[in-house]
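**Q** Numbering of the sequence shown is given in numbering that gives the first Met the number 0, commencing with residue 0 and proceeding in unit increments.
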Amino acid sequence: MLALRRRAKSGRSYYATVTLTAVDAVQLEQEVGLCPRGTVKKIQGTYKFAPMTPDLHVGELLYILSDSWAEHSDILHRGYMVEFETAWGKILSPIVQYENECVKEARRKGKMKHVSVAIIGAGPTGISMLKQLLQDGFSATLFERRSSVGGLWAYDANNGWTTALASTSANISKYTCGFTDFPIPDKYPVYLSAANFQEFMQSYAEHFKLTEHISFNSSVQVVNRNSDDSGWVVQVEKVGTGETESRPFDKVVFCHGYQTQRVMPTFPGQDKFEGEIIHSQQYRSPEAFRGKTVVILGLSTTTGEITPQVISTAKKVYVSHRSGQMMVKRMRKGRPTDLLISWRRRQITQWMARNVPNFYRYLAGWGARLLSSQFSDVKLDPEWRIQSFRNPTLRLPGLIQDIVPHLQDGSLTSLHGIKRFLGGRSIEFDDGTVVDDVDSVILTTGYRADFSVAPFIEKSMPKSPSYQGPAIQRLYMNVFPPKYADSCAVLCYSAYGKNNGFSFSDVMNMAISNIWRGVSKLPPYEEMEKWVDEHQKWVAANWAREPHLDVSMVKQYEFQPWMHEQAGTGMENLGWGWAGWKFWWKDKEMYNLMNHGVETAHMFRYFETGKRKTWEGARDEIIRQNRIVEESFSGKNKKLREE
Numbered sequence: 000m001l002a003l004r005r006r007a008k009s010g011r012s013y014y015a016t017v018t019l020t021a022v023d024a025v026q027l028e029q030e031v032g033l034c035p036r037g038t039v040k041k042i043q044g045t046y047k048f049a050p051m052t053p054d055l056h057v058g059e060l061l062y063i064l065s066d067s068w069a070e071h072s073d074i075l076h077r078g079y080m081v082e083f084e085t086a087w088g089k090i091l092s093p094i095v096q097y098e099n100e101c102v103k104e105a106r107r108k109g110k111m112k113h114v115s116v117a118i119i120g121a122g123p124t125g126i127s128m129l130k131q132l133l134q135d136g137f138s139a140t141l142f143e144r145r146s147s148v149g150g151l152w153a154y155d156a157n158n159g160w161t162t163a164l165a166s167t168s169a170n171i172s173k174y175t176c177g178f179t180d181f182p183i184p185d186k187y188p189v190y191l192s193a194a195n196f197q198e199f200m201q202s203y204a205e206h207f208k209l210t211e212h213i214s215f216n217s218s219v220q221v222v223n224r225n226s227d228d229s230g231w232v233v234q235v236e237k238v239g240t241g242e243t244e245s246r247p248f249d250k251v252v253f254c255h256g257y258q259t260q261r262v263m264p265t266f267p268g269q270d271k272f273e274g275e276i277i278h279s280q281q282y283r284s285p286e287a288f289r290g291k292t293v294v295i296l297g298l299s300t301t302t303g304e305i306t307p308q309v310i311s312t313a314k315k316v317y318v319s320h321r322s323g324q325m326m327v328k329r330m331r332k333g334r335p336t337d338l339l340i341s342w343r344r345r346q347i348t349q350w351m352a353r354n355v356p357n358f359y360r361y362l363a364g365w366g367a368r369l370l371s372s373q374f375s376d377v378k379l380d381p382e383w384r385i386q387s388f389r390n391p392t393l394r395l396p397g398l399i400q401d402i403v404p405h406l407q408d409g410s411l412t413s414l415h416g417i418k419r420f421l422g423g424r425s426i427e428f429d430d431g432t433v434v435d436d437v438d439s440v441i442l443t444t445g446y447r448a449d450f451s452v453a454p455f456i457e458k459s460m461p462k463s464p465s466y467q468g469p470a471i472q473r474l475y476m477n478v479f480p481p482k483y484a485d486s487c488a489v490l491c492y493s494a495y496g497k498n499n500g501f502s503f504s505d506v507m508n509m510a511i512s513n514i515w516r517g518v519s520k521l522p523p524y525e526e527m528e529k530w531v532d533e534h535q536k537w538v539a540a541n542w543a544r545e546p547h548l549d550v551s552m553v554k555q556y557e558f559q560p561w562m563h564e565q566a567g568t569g570m571e572n573l574g575w576g577w578a579g580w581k582f583w584w585k586d587k588e589m590y591n592l593m594n595h596g597v598e599t600a601h602m603f604r605y606f607e608t609g610k611r612k613t614w615e616g617a618r619d620e621i622i623r624q625n626r627i628v629e630e631s632f633s634g635k636n637k638k639l640r641e642e
């Protein structure tokens with residue numbers, strides 16, 4: 000029997016007592032050796048412990064019990080059960096359901112400890128994936144080519160690797176990024192620097208004891224199926240020594256990022272150019288361009304970061320671009336811009352995208368132009384062509400506001416796209432302008448995911464005669480290769496459909512673990528293949544509107560609900576359905592705060608669904624983050640709606 004009994008005013012902890020209903024409890028005690036987390040006390044074959052939480056949910060208890068019994072799942076197979084009852088005499092109904100779920104969870108963890116998983120990449124997605132799989136009982140190993148966690152946020156001098164610079168800071172505030180069960184400390188600034196992020200991820204890895212499961216300085220060269228097609232072989236090379244080894248695994252997750260392979264456009268006459276052409280991936284310092292004439296190609300967030308630096312040392316700098324860019328600043332009207340986005344607003348835009356797509360595109364374009372004009376401190380000259388950007392539903396905005404003052408004072412000149420190289424150091428642009436004596440060209444033209452490590456992933460062209468784009472990876476929900484969905488996941492591809500910051504990684508990793516544990520399910524192979532075909536048709540239709548869009552985009556209104564359902568976050572409790580009404584009636588204040596307040600990552604660990612572990616600090620942290628924002632940024636409106 001399990002009873003919940005509140006301790007008399009000495010604290011908010013709760014006691015939970017578990018009595019085994021097995022015939023031979025003494026034998027079970029000897030064979031299993033229960034050791035739940037918390038303070039353990041033996042009471043005549045009954046175990047009493049105080050979980051370190053102000054509120055004990057049934058699902059949380061199941062995790063505690065299953066953690067203790069996972070390695071003894073054979074005992075559970077012989078019929079030992081636990082029975083649940085509250086101190087107030089109310090039976091948790093149905094008892095059998097909870098008994099079965101507890102046993103199932105323990106059996107799952109007992110089985111998962113024999114399932115080996117390789118994770119590639121120790122950025123935020125990789126370390127979150129490692130934590131989730133270990134928590135759910137898998138045997139997981141993470142391979143990272145760098146010497147520390149952090150991914151591109153960990154600076155590296157190797158100019159063949161993408162890295163954040165010392166000057167790089169986050170595009171979203173600390174209130175809306177972060178892990179679901181590990182808050183960003185208050186000591187960090189509103190927008191974390193690269194060093195802040197790396198330090199934060201290191202503390203995350205240490206807190207959850209992940210580093211002992213990470214193989215650093217280990218570069219994965221390729222992943223292939225083994226000889227009998229029953230598992231995976233991961234070929235790893237040690238950075239520095241060149242030593243290689245092949246490691247067998249049951250499953251594999253690619254978390255090495257979608258900013259790994261340079262996009263390098265080519266132009267007529269490029270081979271005759273006597274200057275240098277580099278990609279921004281290779282950029283480390285403006286000193287390399289001192290006294291030079293430089294053309295920076297592209298208009299992206301990277302352009303906005305490195306252009307002012309290059310201007311500080313170069314003789315003359317040009318920015319070449321064919322289209323404009325929606326301008327976004329980190330702060331708007333004295334508060335972080337990302338606070339404009341709430342969970343309810345996100346759901347409304349997704350509803351519009353699904354049901355009234357043409358109106359949604361029109362409204363998004365109109366709103367983007369309005370906001371972009373507001374983000375500039377000076378009037379934008381039409382000759383700069385910044386405002387001629389494409390629809391934001393198909394292209395992410397960029398933080399380029401720092402180049403505007405340089406355009407205004409003449410230290411930066413806006414040019415059309417590059418047409419061709421004329422030989423020597425001369426370049427002709429699309430409008431016929433010719434610039435001579437160019438020393439360097441820096442391509443800020445973006446990245447794509449590197450699939451050379453996963454040659455088994457199939458590609459195909461959309462079944463659309465008008466499509467002129469590249470072949471597209473065949474991945475269900477842009478995550479699972481249908482043929483190997485039970486053992487392979489790709490988290491370095493999908494460019495859209497994300498939550499804010501690291502929470503996307505956490506939620507997606509919950510979903511993958513649930514699917515592989517059997518808690519959630521994927522559709523049959525044939526249905527996944529059909530989905531891929533239909534999705535590629537959708538990509539082709541959008542390519543017709545926006546050539547050169549990122550083909551890894553997904554439908555947010557389809558992807559987000561699917562991901563949250565698989566993960567078991569319970570976000571349907573914030574909707575308009577019956578679950579939403581029930582939660583509103585039960586806790587109106589929390590319903591309104593989570594829907595209209597700060598979209599914190601901790602919302603995704605709040606609701607108990609039995610499919611994933613909750614975080615006992617979620618409620619307090621959600622309230623605290625909203626209070627901090629309200630106090631820090633005037634906060635006259637408690638729901639944080641823009642004035």
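From the three backbone atoms N, C-alpha and C, an ideal C-beta is built for every residue, glycine too.
Could you check what DSSP says for residue 167 in three-state terms: helix, strand or coil?
**A** Translated into the one-based positions of the sequence shown, residue 167 becomes position 168. Correct three-state label for residue 167: coil.
**Q** Bridge partners for residue 276 per DSSP, in chain order?
**A** Looking up residue 276 in the sequence shown gives position 277. Its beta-bridge partners are 440.
**Q** Which term fits residue 484, buried or exposed, when burial requires 16 or more other beta carbons within 10 angstroms of its beta carbon?
**A** One-based indexing of the sequence shown puts residue 484 at position 485. With 16 or more Cβ atoms within 10 Å of its Cβ, residue 484 is classed as buried.
**Q** Along the chain, where does the beta strand (DSSP E) that runs through residue 643 open and close?
**A** No answer is possible for residue 643: the residues shown for the chain start at 0 and end at 642.
**Q** Taking the alpha-carbon positions, what's the residue 273 to residue 265 distance?
**A** In the sequence shown, residue 273 corresponds to position 274, counting from 1. In the sequence shown, residue 265 corresponds to position 266, counting from 1. Their backbone Cα atoms lie some 15 Å apart in a straight line.
**Q** Buried or exposed, going by whether 16 or more other CB atoms sit within 10 Å of the CB of residue 628?
**A** Reading the sequence shown from its first residue, position 629 is the one you call residue 628. The residue is buried, with at least 16 neighbouring Cβ atoms inside 10 Å.
**Q** Taking C-alpha atoms, which residue in 404, 164, 218 lies nearest to residue 650?
**A** This structure cannot speak to residue 650, because the chain is shown only from 0 to 642.
**Q** Classify residue 629 as helix, strand or coil using the three-state DSSP reduction.
**A** Here residue 629 corresponds to residue number 630 of the sequence shown, with the count starting at 1. In the structure shown, residue 629 sits in a helix (DSSP, three-state: H, G or I).
**Q** Quick check on residue 599: buried or exposed, where buried means 16 or more other Cβ atoms within 10 Å of its Cβ?
**A** For the purposes of this step, residue 599 is taken as residue 600 along the sequence shown, with counting starting at 1. Flag for residue 599 reads buried.
**Q** By Cβ distance, which residues of its chain are closer than 8 Å to residue 643, with the 5 residues on each side in sequence left out?
**A** Residue numbering for the chain in the displayed model covers 0 to 642; residue 643 lies beyond these limits and cannot be assessed.
**Q** Could you pull out every residue in the same chain whose Cβ sits closer than 6 Å to the Cβ of residue 202, ignoring the five residues on either side in sequence?
**A** Translated into the one-based positions of the sequence shown, residue 202 becomes position 203. Closer than 6 Å at the Cβ level, and outside the excluded window around residue 202, lies no residue.
**Q** So the beta strand (DSSP E) residue 235 belongs to, where does it begin and stop?
**A** Reading the sequence shown from its first residue, position 236 is the one you call residue 235. 231-237 is the extent of the beta strand (DSSP E) around residue 235.
**Q** Residue 516 and residue 180 look like a contact to me (Cβ under 8 Å); what is the Cβ gap, rounded to whole Å?
**A** Position 517 of the sequence shown, counting from 1, holds the residue named residue 516. Position 181 of the sequence shown, counting from 1, holds the residue named residue 180. Not confirmed; about 18 Å, so no contact.
**Q** By Cβ distance, which residues of its chain are closer than 8 Å to residue 311, with the 5 residues on each side in sequence left out?
**A** The residue you call residue 311 lines up with position 312 of the sequence shown. Excluding sequence neighbours, residue 311 sits near 285.
**Q** Mapping DSSP to helix, strand and coil, what is residue 512?
**A** What you label residue 512 is simply residue 513 of the sequence shown in a count that begins at 1. Residue 512: helix per DSSP, three-state reduction.
**Q** Please classify residue 298: does DSSP put it in a helix, a strand, or coil?
**A** Position 299 of the sequence shown, counted from the first residue, corresponds to residue 298. DSSP places residue 298 in coil when its eight states are reduced to three.
**Q** Hey, quick one: how far does the alpha helix (DSSP H) through residue 528 stretch, first residue to last?
**A** Along the sequence shown, one-based indexing puts residue 528 at 529. Segment 524-544, the alpha helix (DSSP H) holding residue 528.
**Q** Sorted by chain position, which residues of the same chain lie with C-beta nearer than 7 Å to residue 162's C-beta, five sequence neighbours on each side aside?
**A** Locating residue 162 in the sequence shown gives position 163, counting from the first residue. Excluding residues within five positions, the ones whose Cβ falls inside 7 Å are 151, 154, 155.
**Q** CA-CA distance, residue 54 and residue 207?
**A** Looking up residue 54 in the sequence shown gives position 55. Looking up residue 207 in the sequence shown gives position 208. Confidence is the limiting factor: at residue 54 the pLDDT is only 40, short of 50, which leaves the residue's position unreliable, though a coordinate-based value still follows. Using only the alpha carbons, I get a separation of about 22 Å.
**Q** Please report the Cβ distance between residue 293 and residue 319, rounded to the nearest whole angstrom; I am assuming they are in contact, meaning their Cβ atoms lie under 8 Å.
**A** Your numbering for residue 293 matches position 294 in the sequence shown. Your numbering for residue 319 matches position 320 in the sequence shown. Contact doesn't hold; Cβ gap of about 11 Å is too wide.
**Q** Please name the residue, chosen from 198, 474, 399, 252, that lies closest to residue 327 on a Cα-to-Cα basis.
**A** Here residue 327 is taken as the residue at index 328 of the sequence shown, counted from 1. Cα-wise, what sits closest to residue 327 is 399.
**Q** Which residues mark the beginning and the end of the alpha helix (DSSP H) in which residue 134 is found?
**A** Locating residue 134 in the sequence shown gives position 135, counting from the first residue. That run of the alpha helix (DSSP H) goes 123-134.
**Q** In the DSSP output, which residue or residues are listed as bridge partners for residue 260?
**A** Position 261 of the sequence shown, counted from the start, is the residue given in the question as residue 260. For residue 260, which the question treats as bridged, DSSP gives the partners 447.
**Q** To which residues does DSSP link residue 335 through a beta bridge?
**A** Residue mapping note: residue 335 aligns to position 336 of the sequence shown, counting from 1. DSSP output for residue 335 lists 330 as bridge partner(s).
**Q** Can you say whether residue 465 is buried or exposed, counting buried as having 16 or more other CB atoms within 10 angstroms of its CB?
**A** By 1-based counting over the sequence shown, the position of residue 465 is 466. So residue 465 ends up on the exposed side.
**Q** Are the CB atoms of residue 480 and residue 514 within a distance shorter than 8 Å?
**A** On the sequence shown, residue 514 is found 515 positions in, with the first residue counted as 1. On the sequence shown, residue 480 is found 481 positions in, with the first residue counted as 1. No, the Cβ-Cβ distance between residue 514 and residue 480 is not below 8 Å.
**Q** Do residue 252 and residue 414 come within 8 Å of each other at the CB atom, strictly closer than that value?
**A** The count along the sequence shown starts at 1 and reaches residue 414 at position 415. The count along the sequence shown starts at 1 and reaches residue 252 at position 253. Result no, Cβ atoms of residue 414 and residue 252 do not sit closer than 8 Å.
**Q** Should residue 128 go down as buried or exposed, given a rule of 16 or more other Cβ atoms within 10 Å for buried?
**A** The residue given as residue 128 occupies position 129 in the sequence shown. Residue 128 is buried by the Cβ-count criterion.
**Q** Can you tell me whether DSSP reads residue 303 as helix, strand or coil?
**A** Residue 303 sits at position 304 when you count from the first residue of the sequence shown. Three-state DSSP puts residue 303 in a helix.
**Q** In the DSSP assignment, find the beta strand (DSSP E) that holds residue 252 and state where it starts and stops.
**A** Translated into the one-based positions of the sequence shown, residue 252 becomes position 253. Element bounds for residue 252: 250-253.
**Q** Hey, how far is the Cα of residue 624 from the Cα of residue 438?
**A** Counting from one through the sequence shown, the residue named residue 624 turns up at place 625. Counting from one through the sequence shown, the residue named residue 438 turns up at place 439. Near 49 Å, if we compare the C-alpha coordinates of residue 438 and residue 624.
**Q** Please report the residue range of the beta strand (DSSP E) in which residue 489 lies.
**A** Locating residue 489 in the sequence shown gives position 490, where the first residue counts as 1. Segment 487-489, the beta strand (DSSP E) holding residue 489.
**Q** With DSSP as the reference, please indicate the residues paired to residue 587 in a beta bridge.
**A** If you number the sequence shown from 1, residue 587 lands on position 588. Answer is none; residue 587 lacks a bridge partner.
**Q** Can you tell me the Cα-Cα spacing of residue 189 and residue 501, whole angstroms?
**A** Position 190 of the sequence shown, counting from 1, holds the residue named residue 189. Position 502 of the sequence shown, counting from 1, holds the residue named residue 501. Each residue's Cα considered, the two are about 16 Å apart.
**Q** Assuming residue 422 and residue 268 form a contact by the criterion Cβ under 8 Å, report the distance between their Cβ atoms to the nearest whole angstrom.
**A** By 1-based counting over the sequence shown, the position of residue 422 is 423. By 1-based counting over the sequence shown, the position of residue 268 is 269. Sure, about 6 Å apart at Cβ, within 8 Å.
**Q** Ordered along the chain, which non-local residues of its own chain (more than five positions away) have a Cβ less than 8 Å from that of residue 545?
**A** Residue numbering aside, residue 545 sits at position 546 when the sequence shown is read from its first letter. Excluding positions up to five away in sequence, the list reads 389, 390, 393, 394.
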